[in-house]
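*Asks:* Residue numbers (the working numbering), protein chains in the order written: chain C, 1 to 188; chain W, 1 to 188. First the structure, then my questions, so here it is.
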């Protein structure tokens with residue numbers, strides 16, 4: 001069968017790349033992560049996992065809000081910058097044009113094609129290096145130029161994904177097939 | 001600013017696509033999902049969210065093991081098939097060549113480029129439609145033909161990702177930049 005054992009690391013390949021927004025000491029801060037996933041459909045819930053002690057964590061806990069902003073090819077340098085430098089050392093409040101939604105304290109990035117505004121639902125200890133923030137997605141904001149027939153268009157958004165194996169960002173190729181269609185008549 | 005509100009849905013775009021493996025009634029079953037994410041680095045932990053009452057859920061709880069298998073372009077039809085049809089109705093135990101690792105009860109897909117074998121750490125109620133299974137990744141198996149210099153190579157693996165906006169699968173394009181490098185000298 002020719003399988004090689006790679007050990008116990010995290011090999012989810014690829015992972016989405018997002019910028020998590022939080023107000024810290026009343027100033028917007030943005031942190032790039034790939035440990036993110038949807039965990040519930042109804043209501044829509046998302047989790048982001050942050051290494052314990054991250055600068056943003058206290059802000060999320062204090063305000064009980066955060067945002068999740070899509071990283072795109074156009075934002076690749078700023079995205080990487082927000083993953084390298086901590087808000088404890090550099091001021092990231094002026095990197096982007098910031099806007100707020102109905103929760104008032106979850107800063108979002110105007111330049112990001114798509115932003116999700118989240119109300120903190122739960123803080124969970126992973127039992128290891130990371131703390132998990134579960135949020136209910138209360139609203140999603142998409143810039144009009146990235147919509148087609150009222151829906152976000154990945155071909156326009158050009159999101160980037162993270163390859164943890166080579167520590168690099170990848171772009172998307174093309175839409176290959178319709179889900180819940182292409183395998184309908186599959187015969188094993 | 002031109003932002004359109006899309007409501008409270010889950011707009012994480014794109015999401016990874018994986019086949020979750022579990023033994024149910026002592027037979028391997030595989031379920032395709034996109035609600036998956038890494039939640040801890042040390043130890044490596046992954047979460048998968050399944051709609052409550054899924055056929056695989058009881059098997060995961062009983063054996064306290066599951067697997068996460070990468071969906072690739074080559075497996076796109078079988079992947080979609082495993083997302084459409086429940087194990088309660090069709091027998092998915094012979095769709096793939098199945099192998100087991102050290103946990104003995106987490107079935108993995110030989111044809112999948114990369115499989116993570118997980119020990120169940122926690123079952124969490126999302127508070128809504130989904131149940132969350134957190135697992136510690138105890139081992140990762142990669143077929144040799146997908147490795148370059150001993151590491152998984154995304155260019156060879158050709159994973160697919162899910163676009164929930166158009167309900168379609170996308171392939172990856174190319175590696176765009178090194179993470180923790182391209183934004184090092186970024187000047188806002």
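Here a beta-carbon is modelled for each residue, glycine too, at the ideal position from N, C-alpha and C. Remember, it's a predicted structure, so these values are computed and weren't measured experimentally.
#1: Name the DSSP bridge partner or partners of residue 43 of chain C?
#2: Could you confirm whether any beta carbon from chain C is found closer than 8 Å to the beta carbon of residue 128 of chain W?
#3: Which of the three DSSP states, helix, strand or coil, is assigned to residue 169 of chain C?
#4: Chain C partners of residue 94 of chain W, CB-CB under 7 Å?
#5: For the alpha helix (DSSP H) holding residue 63 of chain W, just list the boundary residues, first then last.
#6: Can you pull the chain C residues whose beta carbon is under 9 Å from the beta carbon of residue 180 of chain W, in chain order?
#7: Is residue 138 of chain C close to chain W, meaning its C-beta is less than 8 Å from at least one C-beta of that chain?
#8: Cβ atoms of residue 14 of chain C and residue 163 of chain C: under 8 Å apart, would you say?
#9: I'd like to confirm the pairing. Which residues does DSSP put opposite residue 81 of chain W in its beta bridges?
#10: Could you give the uninterrupted runs of the beta strand (DSSP E) lying entirely in the stretch 94 to 171 of chain W, keeping only those of 3 residues or more?
#11: Are there 16 or more other CB atoms within 10 angstroms of the CB of residue 68 of chain W, so buried, or fewer, so exposed?
#12: Could you name the residues of chain C that residue 14 of chain W contacts, counting a contact when the two beta carbons are closer than 8 Å?
#13: Could you pull out every residue in the same chain whose Cβ sits closer than 7 Å to the Cβ of residue 10 of chain C, ignoring the five residues on either side in sequence?
#14: From the DSSP output, read off the bridge partner residues of residue 19 of chain W.
#15: So, helix, strand or coil for residue 6 of chain W, using DSSP?
#16: Run the CB neighbour count on residue 94 of chain W, radius 10 Å, all protein chains shown included, and call it buried at 16 or more, exposed below.
#17: Could you tell me which chain W residues have their CB closer than 7 Å to the CB of residue 43 of chain C, listed as they occur along the chain?
#18: Please confirm if residue 38 of chain W has its CB atom under 8 Å from at least one CB of chain C.
#19: Do you know whose CA, among C:23, C:34 and C:166, lies nearest residue 16 of chain C's CA?
#20: Please list, in chain order, all residues of the same chain as residue 57 of chain C whose beta carbon is under 7 Å from its beta carbon, the five residues on each side excluded.
#21: Under the criterion of a Cβ to heavy atom distance below 7 Å, does residue 118 of chain C qualify as lining the ligand SAM?
#22: What are the partner residues of residue 175 of chain W, as DSSP defines its beta bridges?
*Replies:* The short version:
#1: Beta-bridge pairing links residue 43 of chain C to no other residue.
#2: yes
#3: strand
#4: Simply 188.
#5: 55 to 63
#6: 80, 83, 84 and 167
#7: yes
#8: yes
#9: Residue 81 of chain W pairs with nothing; no bridge assigned.
#10: 114 to 125, 130 to 143 and 160 to 163
#11: buried
#12: What residue 14 of chain W touches in chain C: 16, 154, 159, 161 and 172.
#13: 164
#14: W:32 and W:69
#15: In the structure shown, residue 6 of chain W sits in coil (DSSP, three-state: anything other than H, G, I, E or B).
#16: exposed
#17: 8 and 128
#18: yes
#19: The candidate whose alpha carbon is nearest that of residue 16 of chain C is C:34.
#20: 50 and 131
#21: The ligand content of the structure shown is nil, which means the ligand SAM is not present either.
#22: C:170
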